[in-house]
Amino acid sequence: MLPAPESAPAARREGFPPKQDMPRERLLKFGPGALSNSDLIALILGSGLPGRNVFEMARTLVERFGSMRAILNATEKDFTGLHGIGPAKIAQLLAIIEMVRRALHEELEQRSLLDSPQAVDDYLRLRIGGLPHEVFYCLYLDARHRLIQPEELARGSLTQMTVYPREIVRRALLVNAAGLIVAHNHPSGAARPSAADRQLTRLLQQALALVDVRLLDHVVVGARDVYSFARNGLI
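Residue numbering for the sequence shown follows full-length UniProt numbering, beginning at 1 and increasing consecutively.
Structure below.
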């Protein structure tokens with residue numbers, strides 16, 4: 001009687017690459033930059049379901065959100081209901097997202113924001129860039145232009161939001177801010193400032209000057225890029 005054939009190793013199961021090509025092995029050998037977006041997600045998820053391996057789940061997740069930035073902007077509600085993404089995997093994904101946010105927040109606290117516009121852009125993209133609704137966000141700064149605290153000050157529909165300069169001035173005085181960077185997102189995608197954005201910037205600049213607080217920038221966050229009033233000579 002011939003011996004029964006050995007079962008295939010787990011790494012060679014259908015839909016799985018050879019062991020040396022698995023995400024963990026390639027990451028350890030070549031570094032995280034060698035992994036695709038779906039590879040990184042698969043590594044975080046760890047395991048799949050019967051009949052649906054982790055690589056298929058990771059590809060579905062990337063295709064569903066469209067970009068890694070969209071995944072990093074996702075909330076628990078966005079993940080809920082996705083096949084194979086239960087509470088444990090949602091918790092893993094949310095933990096990674098929060099780690100990235102905290103790392104960027106720490107960088108802003110430790111550095112002058114005037115010297116690190118890219119860090120500001122990255123932070124604002126992650127905080128408000130992928131939201132389906134428009135928000136107005138404030139970064140209150142000390143005299144050395146380091147972050148005191150961030151705050152969402154207003155929220156609106158896709159096309160309408162009300163911002164009150166007097167409330168921004170009041171909050172700046174309350175936290176003893178010396179400077180301020182304000183930002184809002186354009187859920188429609190374009191990062192070009194509107195006439196209303198320009199008018200609000202002028203009103204804010206004038207109102208803050210009365211209490212000796214400097215408006216350092218107004219950043220418009222679009223789907224793919226950002227627009228800085230300061231870097232375009234409008235402040």
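Don't be surprised by glycine CBs; every beta carbon is placed ideally from N, CA and C.
For F30, does the count of other Cβ atoms within 10 angstroms reach 16, so buried, or fall short, so exposed? Here residue 30 refers to the residue found at position 30 when the sequence shown is read from its first residue. By the 10 Å Cβ count, F30 comes out exposed.
Classification of L28 by the beta-carbon crowding that lies within 10 angstroms, buried from 16 upward: Taking the first residue of the sequence shown as 1, we reach residue 28 at position 28. Label assigned to L28: exposed.
Counterpart residues of L147 in DSSP-defined beta bridges: As a first step, residue 147 is located in the sequence shown; it is residue number 147 there, counting from the start. Answer is L141, bridged to L147.
Residue ranges of each alpha helix (DSSP H) within the UniProt domain "MPN" (113-235), 4 or longer: 117-128, 165-174 and 195-209
Return helix, strand or coil for R69, following the three-state DSSP convention. For the purposes of this step, residue 69 is taken as residue 69 along the sequence shown, with counting starting at 1. Helix, per DSSP.
Take F79 and list the residues in its own chain whose beta-carbon comes closer than 7 Å to its own, dropping the five residues that flank it on each side. The residue you call residue 79 lines up with position 79 of the sequence shown. Hits under 7 Å: I85, I90 and L93.
So is M57 buried or exposed if we call it buried at 16+ other beta carbons inside 10 Å? The residue you call residue 57 lines up with position 57 of the sequence shown. It counts as buried.
Give the secondary structure of L104 by DSSP, where H, G and I count as helix, E and B as strand, and everything else as coil. Residue mapping note: residue 104 aligns to position 104 of the sequence shown, counting from 1. L104: helix per DSSP, three-state reduction.
How long is the line joining the alpha carbons of A34 and L72, rounded to whole angstroms? For the purposes of this step, residue 34 is taken as residue 34 along the sequence shown, with counting starting at 1. For the purposes of this step, residue 72 is taken as residue 72 along the sequence shown, with counting starting at 1. Computed Cα separation, rounded: 20 Å.
Looking at the structure shown, is R52 part of a helix, part of a strand, or coil, going by DSSP? Sequence index remark: in the sequence shown, residue 52 carries index 52 (1-based). R52 falls in the strand class under three-state DSSP.
Enumerate, from N- to C-terminal direction, the unbroken alpha helix (DSSP H) stretches of 4 or more residues contained entirely within the stretch 28-52. 37-45
Just to confirm, is the Cβ distance from P193 to Y164 under 8 Å? Walking along the sequence shown from the start, residue 193 turns up at place 193. Walking along the sequence shown from the start, residue 164 turns up at place 164. Result no, Cβ atoms of P193 and Y164 do not sit closer than 8 Å.
Determine whether the beta carbon atoms of L216 and L141 lie at a separation below 8 Å. As a first step, residue 216 is located in the sequence shown; it is residue number 216 there, counting from the start. As a first step, residue 141 is located in the sequence shown; it is residue number 141 there, counting from the start. Yes, the Cβ-Cβ distance between L216 and L141 is below 8 Å.
For R155 and H184, believed in contact at Cβ under 8 Å, the rounded distance: Within the sequence shown, numbered from 1, the residue matching residue 184 stands at position 184. Within the sequence shown, numbered from 1, the residue matching residue 155 stands at position 155. Between R155 and H184 the Cβ distance is about 10 Å, and since that is not below 8 Å, they are no contact.
Looking only at its own chain, which residues have a Cβ that is under 6 Å from the Cβ of N232, when we skip the five neighbours before and after it? By 1-based counting over the sequence shown, the position of residue 232 is 232. Hits under 6 Å: none found.
What residues in its chain sit with their C-beta under 6 Å from that of R61, if we drop five residues either side in the sequence? Taking the sequence shown and counting its residues from 1, the one referred to as residue 61 is at position 61. One point to set straight first is that residue 61 is Leu, not Arg, in the sequence displayed. Within the same chain, L61 has close Cβ partners I41.
So, for A70: in the same chain, excluding its five sequence neighbours on each side, which residues have a beta-carbon less than 7 Å away from its beta-carbon? Translated into positions along the sequence shown, residue 70 becomes position 70. Correct list, in chain order: G130.
Which of the three DSSP states is assigned to L82 in this structure? On the sequence shown, residue 82 is found 82 positions in, with the first residue counted as 1. Correct three-state label for L82: coil.
Buried or exposed (CB count within 10 angstroms, at least 16 for buried), D115: To locate residue 115, count along the sequence shown from 1; it is residue 115. So D115 ends up on the exposed side.
According to DSSP, simplified to helix, strand and coil, what is residue 241? Nothing in the structure corresponds to residue 241, since the chain is present only between 1 and 235.
Out of D39, P187 and A88, which one is the CA nearest neighbour of V135? Taking the sequence shown and counting its residues from 1, one reaches residue 135 at position 135. Comparing Cα-Cα distances from V135 to each of D39, P187 and A88, the minimum goes to P187.
Once you ignore the five residues that flank T162 on each side, which residues in its own chain have a CB closer than 8 Å to its CB? Here residue 162 refers to the residue found at position 162 when the sequence shown is read from its first residue. Around T162: A154 and G156.
Give the straight-line distance between the Cα atoms of H218 and C138, rounded to the nearest whole angstrom. As a first step, residue 218 is located in the sequence shown; it is residue number 218 there, counting from the start. As a first step, residue 138 is located in the sequence shown; it is residue number 138 there, counting from the start. If I take the Cα positions, the gap works out to 9 Å.
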